[in-house]
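J.: For reference, each letter of the sequence shown is one residue, going 243 to 592 in the working numbering.
We treat Cβ as the ideally placed atom computed from N, Cα and C, and that holds for glycine.
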Amino acid sequence: MEPPITIRANRVGRPGIGRAALLLLRSCSIRFTAYYWVGFAAGLSVNGRLDLTWGLLGVPMWLAYCVGTESVNRIADREADIINRPERTRLCQEFGWSRLVVACVTSWVVFTLIGAATVVAHPGIALPLMLLIDMGVAIGYSVGPAFKRHRVLSLIALTAPMITPLLTGWAVHGDSDTLLSPVLPAVAVLAAFSLGLSGIKDITDVEGDRELDYASLWLVLIKLWKGAAVYTLIGAPFLLLALFAAFGALPLVSLVLLPLVAFSALVVTAASRAEAPADREAAREVMHNYTFYFLALALLVAVPEGPTAVAFAASVGYWLLASKALHWSGGLSFAHLGRWGTLFAKTAAK
Numbered sequence: 243m244e245p246p247i248t249i250r251a252n253r254v255g256r257p258g259i260g261r262a263a264l265l266l267l268r269s270c271s272i273r274f275t276a277y278y279w280v281g282f283a284a285g286l287s288v289n290g291r292l293d294l295t296w297g298l299l300g301v302p303m304w305l306a307y308c309v310g311t312e313s314v315n316r317i318a319d320r321e322a323d324i325i326n327r328p329e330r331t332r333l334c335q336e337f338g339w340s341r342l343v344v345a346c347v348t349s350w351v352v353f354t355l356i357g358a359a360t361v362v363a364h365p366g367i368a369l370p371l372m373l374l375i376d377m378g379v380a381i382g383y384s385v386g387p388a389f390k391r392h393r394v395l396s397l398i399a400l401t402a403p404m405i406t407p408l409l410t411g412w413a414v415h416g417d418s419d420t421l422l423s424p425v426l427p428a429v430a431v432l433a434a435f436s437l438g439l440s441g442i443k444d445i446t447d448v449e450g451d452r453e454l455d456y457a458s459l460w461l462v463l464i465k466l467w468k469g470a471a472v473y474t475l476i477g478a479p480f481l482l483l484a485l486f487a488a489f490g491a492l493p494l495v496s497l498v499l500l501p502l503v504a505f506s507a508l509v510v511t512a513a514s515r516a517e518a519p520a521d522r523e524a525a526r527e528v529m530h531n532y533t534f535y536f537l538a539l540a541l542l543v544a545v546p547e548g549p550t551a552v553a554f555a556a557s558v559g560y561w562l563l564a565s566k567a568l569h570w571s572g573g574l575s576f577a578h579l580g581r582w583g584t585l586f587a588k589t590a591a592k
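In structure tokens form, the structure reads like this:
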């Protein structure tokens, strides 16, 4: 068992520029930029506006958004992360908490400037509204209203990474026809999917959440209704997907995702058996990877266009690279898969 970590003031001997940049990127989970960028790209693609210029512009915009979002989380969750994420806390300590505050503010300034420039170039109501929602949810999740401290609001806010970038990309050249189909149906499916898997974070963060006096609504529902609640949450996005495809709101090719309902059940039930820290880490890592790939695939089948396929390939490549080289956990490994398989074996045995 590792000794407890204490939060202390920044050390006099700070890391050099290269080391500091690496610490910032790893501690701020920049692989999640892929979540935001691929959604934004798909939103542009649905209106036929995704090209190299827009794709490249989205990189610094959503990278800044990711660093801003995650750094706010790191600062707000310092106490809980000592328990939930000690290895990540060490990275933040080495980088320096005061430096992290500066990086946080700088990131939001960059996101705001790029967003403002986009609004000036493409005036309208939808885009500035979506940019404000992007920022409000990302910051408000941890500070101010602190959505994460509220049972219902935390679940709603957790759907944002899956849906708001898609809506933001659509809003640049907003068209009411594409909003009704396929954007809003895709939003509904992705939001339901996120709600179904959001409890895995609660399962694996129980001890740290207890320090913050937070009690997960997801876990309460599971205790009350057990299997019925689990399978309802898991099956909802796939039921919606089938209905939207049947009525023409989503392309029929979307139905290729239906078999993934079995994997969703596997991911959640295995996580519910995770007790040891290493088991919880494996369950969480599998969940993050599955969530990203489902998101990217869902966007691809909802907007089956050439530019979307390019965005899909680019986001997958970035996810793999950033997970391995630039994420504090080192990404999904064979060790994680082995432990996850053991958890599945436990569920089968029971």
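#1: Got a sec, what are the start and stop residues for the alpha helix (DSSP H) Gly-438 sits in?
#2: Terminal residues of the continuous alpha helix (DSSP H) containing Arg-268?
#3: Hey, Pro-403 and Tyr-277: beta-carbon distance below 7 angstroms or not?
#4: Where in the region 349 to 433 do unbroken runs of the alpha helix (DSSP H), each at least 4 residues long, occur, reported from the N-terminal end onward?
#5: Hey, quick one: how far does the alpha helix (DSSP H) through Ser-496 stretch, first residue to last?
#6: Where Val-552 and Ala-564 are concerned, what is the direct C-alpha to C-alpha distance, given to the nearest angstrom?
#7: Please find out if some non-hydrogen atom of the ligand NAP comes closer than 6 angstroms to the beta-carbon of Ala-263.
#8: How would you label Glu-321, buried or exposed, when you count the other beta carbons within 10 angstroms and need 16 or more for buried?
#9: CA-CA distance, Gly-386 and Ala-540?
#10: Give, in chain order, every unbroken run of the alpha helix (DSSP H) that is at least 4 residues long and sits entirely within the region 560 to 586.
#11: Which residue's Cα is closest to the Cα of Leu-266: Gly-411, Gly-580, Ile-398 and Glu-312?
#12: Buried or exposed: Ala-283, going by 16 or more other Cβ atoms within 10 Å of its Cβ?
#13: In chain order, what residues of the same chain lie with their CB nearer than 8 angstroms to the CB of Phe-554, ignoring the 5 residues before and after it?
#14: Please report the straight-line C-alpha distance between Ala-345 and Ile-405, rounded to a whole angstrom.
#15: Below 8 angstroms, how does it come out for the region 426 to 436 and the region 472 to 484: are there three or more Cβ pairs, yes or no?
#16: Would you grab the beta carbon distance between Pro-302 and Ile-356 for me? Rounded to a whole angstrom, and I think it's under 8 angstroms.
#17: Could you name the residues of the same chain whose beta carbon sits closer than 6 angstroms to that of Gly-411, not counting the 5 residues immediately before and after it, in chain order?
#18: Give a yes or no on whether the C-beta atoms belonging to Leu-482 and Ser-496 are separated by under 7 angstroms.
#19: Where does Tyr-456 sit, in a helix, a strand or coil, going by DSSP?
#20: Is the beta carbon of Thr-420 closer than 7 angstroms to that of Val-528?
#21: For Ala-219, does the count of other Cβ atoms within 10 angstroms reach 16, so buried, or fall short, so exposed?
#22: Is it buried or exposed, Arg-452, if we count other Cβ atoms within 10 angstroms and call 16 or more buried?
#23: Would you identify the three-state DSSP class for Asp-521, choosing helix, strand or coil?
#24: Assign Gly-490 to one of three DSSP states: helix, strand, or coil.
#25: Are the CB atoms of Ser-269 and Cys-334 nearer to each other than 7 angstroms?
#26: For Thr-474, count neighbouring Cβ atoms within 10 angstroms of its own Cβ and tell me buried if that reaches 16, exposed if not.
#27: Which residue comes first and which comes last in the alpha helix (DSSP H) that contains Arg-330?
#28: How is Arg-291 classed by DSSP in three states: helix, strand or coil?
#29: If you reduce the DSSP assignment to three classes, tell me which class Gly-450 lands in.
T.: In short, the structure shows the following:
#1: To locate residue 438, count along the sequence shown from 1; it is residue 196. Looking at the DSSP string, the run of the alpha helix (DSSP H) that includes Gly-438 is 426 to 439.
#2: In the sequence shown, the residue the question calls residue 268 occupies position 26. It spans 259 to 269 - the alpha helix (DSSP H) in which Arg-268 sits, taken as one unbroken run.
#3: As a first step, residue 403 is located in the sequence shown; it is residue number 161 there, counting from the start. As a first step, residue 277 is located in the sequence shown; it is residue number 35 there, counting from the start. Yes, the Cβ-Cβ distance between Pro-403 and Tyr-277 is below 7 angstroms.
#4: 368 to 382, 393 to 399 and 402 to 414
#5: On the sequence shown, position 254 is the one that residue 496 refers to. From DSSP, Ser-496 is part of no alpha helix (DSSP H); its letter is neither H nor E.
#6: Residue numbering aside, residue 552 sits at position 310 when the sequence shown is read from its first letter. Residue numbering aside, residue 564 sits at position 322 when the sequence shown is read from its first letter. Those two C-alpha atoms are separated by around 18 angstroms.
#7: Summarising the ligand content, the structure contains no ligands, and the ligand NAP is consequently not present.
#8: On the sequence shown, position 79 is the one that residue 321 refers to. Counting the other Cβ atoms within 10 Å of the Cβ of Glu-321 gives fewer than 16, which makes it exposed.
#9: Here the question's residue 386 lines up with position 144 in the sequence shown. Here the question's residue 540 lines up with position 298 in the sequence shown. Gly-386 and Ala-540: Cα-Cα distance of roughly 33 angstroms.
#10: Complete alpha helix (DSSP H) runs here, min 4: none at all.
#11: Along the sequence shown, one-based indexing puts residue 266 at 24. Closest by alpha carbon: Glu-312.
#12: As a position in the sequence shown, residue 283 is number 41, starting the count at 1. By the 16-neighbour rule on beta-carbons within 10 angstroms, Ala-283 is buried.
#13: As a position in the sequence shown, residue 554 is number 312, starting the count at 1. In its chain, beyond the 5 residues on either side, Val-280, Ala-538, Leu-539, Leu-541 and Leu-542 have a beta carbon closer than 8 angstroms to the beta carbon of Phe-554.
#14: Locating residue 345 in the sequence shown gives position 103, where the first residue counts as 1. Locating residue 405 in the sequence shown gives position 163, where the first residue counts as 1. Approximately 25 angstroms, taken between the alpha carbons.
#15: Contact between the region 426 to 436 and the region 472 to 484 is present, because at least three Cβ pairs lie under 8 angstroms.
#16: Position 60 of the sequence shown, counting from 1, holds the residue named residue 302. Position 114 of the sequence shown, counting from 1, holds the residue named residue 356. About 7 angstroms separates the two Cβ atoms, so the contact holds.
#17: In the sequence shown, residue 411 corresponds to position 169, counting from 1. Around Gly-411: Phe-282, Gly-285 and Leu-286.
#18: The sequence position of residue 482 within the sequence shown is 240, counting from 1. The sequence position of residue 496 within the sequence shown is 254, counting from 1. No.
#19: If you number the sequence shown from 1, residue 456 lands on position 214. Low confidence applies here, because Tyr-456 scores a pLDDT of 48, under 50, leaving its location unreliable and the question unanswered by this model.
#20: Against the sequence shown, residue 528 aligns to sequence position 286. Against the sequence shown, residue 420 aligns to sequence position 178. Contact flag unset, no.
#21: Residue 219 is absent from the model: the chain starts at 243 and stops at 592.
#22: For the purposes of this step, residue 452 is identified with residue 210 of the sequence shown, where counting begins at 1. At Arg-452, the pLDDT of 49 sits below 50, so the modelled position is not reliable; the number obtained from the coordinates is stated separately. Label assigned to Arg-452: exposed.
#23: As a position in the sequence shown, residue 521 is number 279, starting the count at 1. It is helical.
#24: Locating residue 490 in the sequence shown gives position 248, where the first residue counts as 1. Coil, per DSSP.
#25: Within the sequence shown, residue 269 is the residue found at index 27, counting from 1. Within the sequence shown, residue 334 is the residue found at index 92, counting from 1. In contact: Ser-269 and Cys-334 (Cβ atoms closer than 7 angstroms).
#26: Numbered from its first residue, the sequence shown carries residue 474 at position 232. Thr-474 is exposed by the Cβ-count criterion.
#27: Here the question's residue 330 lines up with position 88 in the sequence shown. It spans 328 to 337 - the alpha helix (DSSP H) in which Arg-330 sits, taken as one unbroken run.
#28: Reading the sequence shown from its first residue, position 49 is the one you call residue 291. In this structure, Arg-291 counts as coil in the three-state DSSP scheme.
#29: Sequence index remark: in the sequence shown, residue 450 carries index 208 (1-based). For Gly-450, the pLDDT reaches just 46, beneath the cut-off of 50, and the residue's location in the model is therefore unreliable, although a value from the coordinates is still provided. Note: Gly-450 maps to helix in three-state DSSP.
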